[in-house]
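As you go down the protein sequences, you meet chains A and B in turn.
Counting from 1 along the first sequence, just add 502 to a position and that's the residue number in the working numbering.
Counting from 1 along the second sequence, just add 502 to a position and that's the residue number in the working numbering.
The beta carbon of each residue, even a glycine, is placed where N, CA and C say it ideally should be.
Presented below is the structure to which this report refers.
Number of protein chains: 2
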Amino acid sequence: MSVAAATINKFTNFSNWFDELLFQARIADSRFPVKGFIVYLENGMFILEMIRRRLEELLVETGHKTMMFPLVTTDELFGKEAEHIKGFSSEVFVIERAGDKQLEKKLIVRPTSETIIYPMFKLWIRSHADLPLKVHQTVNVYRYETKATRPLYRAREFPWNEAHTAHATAADAEQQVREAIEIYSKVLRELGISYLLLKRPDFDKFAGAKYSIAFDAWNPDGKVNQVATVHNLGRNFSKVFEIEFEQKDGSRALVYQLCYGFGLSRVLAALISQHGDDRGCVFPPSVAPVQVVIVPIPFKGYEEAIASYCKKIHERLARVYRCVMDDREDVTPGEKFYHWEMLGVPVRVEVGPKEVSSNKVTLFRRDTLERVEVDLESLEAQVEELMRKIFTSLRERSSRMMERLIVEAQTPDEVKKALSERKIARIEWCGKEDCAIKLKEYAGGEIRGSRFDVAEVPQKSCIVCGERAQEVVYVAKAY
Amino acid sequence: MSVAAATINKFTNFSNWFDELLFQARIADSRFPVKGFIVYLENGMFILEMIRRRLEELLVETGHKTMMFPLVTTDELFGKEAEHIKGFSSEVFVIERAGDKQLEKKLIVRPTSETIIYPMFKLWIRSHADLPLKVHQTVNVYRYETKATRPLYRAREFPWNEAHTAHATAADAEQQVREAIEIYSKVLRELGISYLLLKRPDFDKFAGAKYSIAFDAWNPDGKVNQVATVHNLGRNFSKVFEIEFEQKDGSRALVYQLCYGFGLSRVLAALISQHGDDRGCVFPPSVAPVQVVIVPIPFKGYEEAIASYCKKIHERLARVYRCVMDDREDVTPGEKFYHWEMLGVPVRVEVGPKEVSSNKVTLFRRDTLERVEVDLESLEAQVEELMRKIFTSLRERSSRMMERLIVEAQTPDEVKKALSERKIARIEWCGKEDCAIKLKEYAGGEIRGSRFDVAEVPQKSCIVCGERAQEVVYVAKAY
Numbered sequence: 503m504s505v506a507a508a509t510i511n512k513f514t515n516f517s518n519w520f521d522e523l524l525f526q527a528r529i530a531d532s533r534f535p536v537k538g539f540i541v542y543l544e545n546g547m548f549i550l551e552m553i554r555r556r557l558e559e560l561l562v563e564t565g566h567k568t569m570m571f572p573l574v575t576t577d578e579l580f581g582k583e584a585e586h587i588k589g590f591s592s593e594v595f596v597i598e599r600a601g602d603k604q605l606e607k608k609l610i611v612r613p614t615s616e617t618i619i620y621p622m623f624k625l626w627i628r629s630h631a632d633l634p635l636k637v638h639q640t641v642n643v644y645r646y647e648t649k650a651t652r653p654l655y656r657a658r659e660f661p662w663n664e665a666h667t668a669h670a671t672a673a674d675a676e677q678q679v680r681e682a683i684e685i686y687s688k689v690l691r692e693l694g695i696s697y698l699l700l701k702r703p704d705f706d707k708f709a710g711a712k713y714s715i716a717f718d719a720w721n722p723d724g725k726v727n728q729v730a731t732v733h734n735l736g737r738n739f740s741k742v743f744e745i746e747f748e749q750k751d752g753s754r755a756l757v758y759q760l761c762y763g764f765g766l767s768r769v770l771a772a773l774i775s776q777h778g779d780d781r782g783c784v785f786p787p788s789v790a791p792v793q794v795v796i797v798p799i800p801f802k803g804y805e806e807a808i809a810s811y812c813k814k815i816h817e818r819l820a821r822v823y824r825c826v827m828d829d830r831e832d833v834t835p836g837e838k839f840y841h842w843e844m845l846g847v848p849v850r851v852e853v854g855p856k857e858v859s860s861n862k863v864t865l866f867r868r869d870t871l872e873r874v875e876v877d878l879e880s881l882e883a884q885v886e887e888l889m890r891k892i893f894t895s896l897r898e899r900s901s902r903m904m905e906r907l908i909v910e911a912q913t914p915d916e917v918k919k920a921l922s923e924r925k926i927a928r929i930e931w932c933g934k935e936d937c938a939i940k941l942k943e944y945a946g947g948e949i950r951g952s953r954f955d956v957a958e959v960p961q962k963s964c965i966v967c968g969e970r971a972q973e974v975v976y977v978a979k980a981y
Numbered sequence: 503m504s505v506a507a508a509t510i511n512k513f514t515n516f517s518n519w520f521d522e523l524l525f526q527a528r529i530a531d532s533r534f535p536v537k538g539f540i541v542y543l544e545n546g547m548f549i550l551e552m553i554r555r556r557l558e559e560l561l562v563e564t565g566h567k568t569m570m571f572p573l574v575t576t577d578e579l580f581g582k583e584a585e586h587i588k589g590f591s592s593e594v595f596v597i598e599r600a601g602d603k604q605l606e607k608k609l610i611v612r613p614t615s616e617t618i619i620y621p622m623f624k625l626w627i628r629s630h631a632d633l634p635l636k637v638h639q640t641v642n643v644y645r646y647e648t649k650a651t652r653p654l655y656r657a658r659e660f661p662w663n664e665a666h667t668a669h670a671t672a673a674d675a676e677q678q679v680r681e682a683i684e685i686y687s688k689v690l691r692e693l694g695i696s697y698l699l700l701k702r703p704d705f706d707k708f709a710g711a712k713y714s715i716a717f718d719a720w721n722p723d724g725k726v727n728q729v730a731t732v733h734n735l736g737r738n739f740s741k742v743f744e745i746e747f748e749q750k751d752g753s754r755a756l757v758y759q760l761c762y763g764f765g766l767s768r769v770l771a772a773l774i775s776q777h778g779d780d781r782g783c784v785f786p787p788s789v790a791p792v793q794v795v796i797v798p799i800p801f802k803g804y805e806e807a808i809a810s811y812c813k814k815i816h817e818r819l820a821r822v823y824r825c826v827m828d829d830r831e832d833v834t835p836g837e838k839f840y841h842w843e844m845l846g847v848p849v850r851v852e853v854g855p856k857e858v859s860s861n862k863v864t865l866f867r868r869d870t871l872e873r874v875e876v877d878l879e880s881l882e883a884q885v886e887e888l889m890r891k892i893f894t895s896l897r898e899r900s901s902r903m904m905e906r907l908i909v910e911a912q913t914p915d916e917v918k919k920a921l922s923e924r925k926i927a928r929i930e931w932c933g934k935e936d937c938a939i940k941l942k943e944y945a946g947g948e949i950r951g952s953r954f955d956v957a958e959v960p961q962k963s964c965i966v967c968g969e970r971a972q973e974v975v976y977v978a979k980a981y
């Protein structure tokens, strides 16, 4: 990050702050010559992989089978579910040609994989013994976004994990909604990311779903960042894809289905945006590409003593952590601090003559920028403890920030004001789409839905039409 | 695998053997409704992931940065290198439309990523300090194959890892060829896969390369299975993509480049085909989805004793291995044996009254189908030792088979005969493409190249034209 960039504040100038950081911290390069497509760099890939592994671990533990389905479907399969095709048809990439041959059947590049996976479910599911069936895959999906794209948030290609399940009863499907939410919540909690768990209004549910639950993470610019969704599909898809099973009594029935998706690049964006500061990235220790950096502070006459002291520290810490020793000779300690702070390394070990002579080590924590001196002897335990503190403090800071971003609004004007101040408005609403449209036109934000994890009972009237309110909902701009 | 299928021999009826096994062992399902695209199932995905992790570990250790580049390139970029476009243009999928909008610029779906990655290299490489630059990605690539497709071997979508490097000098590039070969050899060696390391004839090199090295694994049907390739690109691509750097003396020069690819699905195919037998898969312990299965042999009056004995064994082994206890009550031990043998589980633990009363355990090894009785006390050590033996025996068996498959041929007729017997012919050749074409027309096999790791000096004359031979080469049909 250039010196100029370091003075950019994420709340007051989010776009510049984020774009500059992406490339400087080696997360992504957005200069790829096709609009909406970016290159993920090594640090971005490292974190994506860490998140993916943890998510997949939890999915496999709960009985989801890891699979990989094709990139493409046919026009015919894609068109089966009426609402689904309505929702996606304008944004799918279409392949009609290979080399100079016209394909007999044109292919649709997946924007999501219901119409690719469910023909296989039809083949695989025969009886109640085959249920529940739970599968998942981590792949890239493709949507021809016409809104402005932003790296990690909204692109024409993005990496995600999608899970698809089939169940014998509606109650089993409801239970699966809970399991999916629990898995996603766990991953996000472990990353210290704060979000609102919302049931989307009916007009904003997934194309083809009965209802949709979404994880909306807060963002410094006030927009919300939908990082994951869970959709109860009911029997909308099983009807058209003819996914039937034989029940215990021998009769045949359609399965109940769910699909749920976890936006890996959007979670990466949330990690950067929620925890980062004016100096750059601040990564939770569990996913930081480098967890500890050792920086010797050279002092004339102590060069060798400091070097060998640092070497011993590195040997010890590298056994437990992703630990780098920065002993470059042509770079000042200040420049090194600057570099590793921008990269988001949670803990820095500083060693000068004072540390060597007193058998101590100075630890710098990236989140609060504080230093603490510890005994060399208990180094591992002290670093471990500090990592725990850093994680807790990041999570709490993010959670406090989300609380602070939510403001009550009694009128459309108050909503407008809240949004202009980069906040999320909490309002009471009658439930009619008409009022949502009016509010969006006037205040510029969308009704994102009502809390799914907490029952919030409306007390008054819809802030748009004045009729009796049916729901407490959250209004925000969104990526 | 059905009882009928179990009598199918992989050498005499490879296609049926392989296709049946794929689905029964939960590797892949080839019934997806778009030709050339398959679904990878949980066991296939597990092994692919294990191979991927090991390969990526070695790549990262040797300084390759993990990245992810877009799926698509533009027509213009794709067309820059004349030989490259000639080689691939007839088999690329083309996207010209999104929804019902015609795209301004049509997009080419990657058949390989040179034309996607090198425009970024041009942006990233400035000076000699930026070299060598080594990057890699694990992605799916797309080729509109017109030959018959076969799951894992030849499909229109396949997963691979591709690495791309840039160097300051031709000598550095040559050195990198060695490093790439060493990495791939290591992964294949650890899987017990045998192959010929061949320098492809000039007419069969990668489109745009100076020369190509390939790993051709043997296959039970006599065809070779190219599992990996390493290409020295010289400056063919840096010239057209203008990838220049400033040398130490301040002058500018073009970089030397390599690309190399490791076909994950083809390596999975080789694992199955080289090690499998008439009972099904035989997986090396390192990648087997299940490493140990425990099967209680029920005996009246001993039910509880056997169950608790098995439970203790499971507790001990599950700490170290991917270990399954098969205590299903409605399935006979014979059926269980059959099932887990087909899945390729390397070690089976059998526990009956005899084992319980003597404090012993019977271990069954999947590769040789032999049983050995061991003391319960030393269980972990015995299983560990057996795993080592199984791996060594699989590797040696595969290696012996490859030696046996290679036969000397002095005439085109002998080549024809060898190929008809599912062998690989070793011949002397003048080096002219004309003779290669004639031989292929007559005998049906391709000249795959000369050994790269062993110097083989021709003694006589080309078996086609009778002129002085320049090379000892291997002839085979190929996937």
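Residue nearest to residue i in terms of C-alpha spacing, selected from the options
i	options	result
A/G601	B/K940, B/V641, B/A600 and B/L609	B/L609
B/A530	B/L550, B/F516 and B/K512	B/L550
B/R897	B/K725, B/N861, B/E598 and B/P786	B/P786
B/G694	B/E923, B/F743 and B/A772	B/A772
A/R824	A/A790, A/V853, A/Y804 and A/K802	A/A790
A/S767	A/C932, A/P621, A/K856 and A/Y542	A/Y542
B/Y697	B/K918, B/R902 and B/Q961	B/R902
B/V858	B/K813, B/D780 and B/N663	B/K813
B/A883	B/T667, B/L865 and B/D577	B/L865
is_contact[residue i, chain A] using C-beta, thresh 8 angstroms
i	result
B/T870	no
B/D521	no
B/A978	no
B/S1029	Residue 1029 of chain B cannot be examined here, being either before or after the span of chain B that is shown, 503 to 981.
B/T614	no
B/I774	no
B/P786	no
Buried/exposed call for residue i, threshold 16 Cβ in 10 Å
i	result
A/D447	Any question about residue 447 of chain A goes unanswered here, given that chain A covers just 503 to 981.
B/K688	exposed
A/R873	exposed
B/F513	exposed
A/G846	buried
A/N861	exposed
A/L871	exposed
Cβ distance (whole Å) where residue i is taken to contact residue j below 8 angstroms
i	j	result
B/A911	B/I949	With a Cβ gap of about 12 angstroms, B/A911 and B/I949 do not count as contacting.
B/A665	B/K636	7 angstroms
B/E692	B/S788	6 angstroms
B/Y774	B/C783	Residue 774 of chain B is actually Ile in this sequence, not Tyr. 6 angstroms between Cβ atoms; contact.
A/W720	A/M844	That pair is no contact at about 23 angstroms.
8 angstroms Cβ cutoff, residue i in contact with chain B
i	result
A/S504	Per-residue confidence for A/S504 stands at a pLDDT of 48, beneath the threshold of 50, marking its modelled position as unreliable; the derived number appears in the next sentence. No, because no Cβ of chain B sits closer than 8 angstroms to the Cβ of A/S504.
A/N663	no
A/K567	yes
A/L573	yes
A/A527	no
A/D829	no
task: Closer than 7 angstroms, Cβ to Cβ, to anything on chain C: give me those residues from the region 685-715 of chain B, in chain order.
output: In the structure shown, chain C cannot be found, because the protein chains are A and B.
- prompt: Whole alpha helix (DSSP H) runs in the region 721-780 of chain A with 4 or more residues, listed along the chain?
  reply: Here the runs fully enclosed are 738-743 and 766-777.
- request: Scan the region 787-850 of chain B and note each continuous beta strand (DSSP E) run of 3 residues or more that stays entirely inside, going in chain order.
  value: Taking only runs of at least 3 residues, the beta strand (DSSP E) segments lying wholly in the region 787-850 of chain B are 794-798 and 825-827.
message: As an exercise, report each continuous beta strand (DSSP E) stretch of at least 3 residues that is fully enclosed by the region 619-675 of chain A, in chain order.
response: Within the region 619-675 of chain A, the beta strand (DSSP E) runs of at least 3 residues that lie entirely inside it are, in chain order, 635-644 and 659-669.
query: Which residue spans inside the region 867-911 of chain A form an unbroken alpha helix (DSSP H) run of at least 4?
result: Counting whole runs of 4 or more residues, the region 867-911 of chain A contains the alpha helix (DSSP H) stretches 881-907.
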